[in-house]
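The numbers in my numbering rise by one with no breaks, and the one at position 147 of the sequence shown is 158.
From the three backbone atoms N, C-alpha and C, an ideal C-beta is built for every residue, glycine too.
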Amino acid sequence: MHDIFEITREPIDKQGLEQRLLTGAAGAMVTFDGVVRNQTKGRPVVTLQYEAYVPMAIKEMERLGREIREKWPDVDRIGMIHRFGELKISESSVVIVITSPHRKVAFEACHYAIDRLKQTVPIWKKEVFADGEEWVEGSQGEITKQTI
C-alpha cells in the first residue's frame with residue numbers, strides 16, 4: 012500500500028499528490044481541494060489559522076484510511092494532506108485524493124473521507140475577520156462558533 016497521510020505548514024502540491032498516487036490500476040481519480048474562501052455567512056474573512064496536534068492527526072488520518080478501505084475494498088490509493096498555520100484566501104487547506112478502478116467508488120470514498128476528517132482529526136480552525144476572530148468547530152456540516 013502506498014497511501015499518503017501528511018500534515019504540513021507548506022502550500023499543498025495538489026498535482027504532485029495526484030501524481031504520487033496515480034497507478035495503472037486506477038481508472039478514476041477524485042480530488043477534493045478545500046480552499047480558503049473570502050467570507051463566512053457574508054462576513055469578510057481575512058485569513059484562516061489552523062492548529063493541529065500533528066502526531067495524533069496523522070494517526071487519525073491513517074485510521075480513517077483503514078476505515079475507507081473496509082467500506083470500499085476497491086479503492087486503489089488514498090492521499091490526505093492538511094495544512095496548518097496561517098492560510099490566505101484561495102489557498103488549499105486540505106486535499107484528499109482517492110483512486111480506484113471505477114468512478115463511483117472514488118467519489119463515494121472521497122466524500123466520506125472529507126466528512127470524517129472534519130469529524131475526527133484533531134485540527135482546529137480559526138477564522139480571522141477584519142473585526143475579530145472565531146474558532147470554528149465542525150461536525151457533519153454543522154458549525155458552532157466561539158467568539159474570541
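For K129, name the three-state secondary structure that DSSP assigns. Looking at K129 - three-state DSSP - the assignment turns out to be helix.
With DSSP as the reference, label H93 as helix, strand or coil. strand
Reduced DSSP category for K136 - H, G, I as helix; E, B as strand; rest coil: strand
Proximal residues to V105 (C-beta, below 6 Å), its chain only, five neighbours per side dropped: G45, H93
When DSSP builds the beta bridges, which residues end up paired with G45? V105
Inter-residue spacing [alpha-carbon to alpha-carbon] between P22 and F140: 22 Å
With respect to the beta strand (DSSP E) encompassing A63, which residues constitute its N-terminal and C-terminal limits? 54-63
Nearest to W146 by alpha carbon, out of I89, L32, E62? E62
Three-state class that DSSP yields for E17 in the structure shown: strand
Report yes if the C-beta distance between E144 and V56 is below 8 Å; otherwise report no. no
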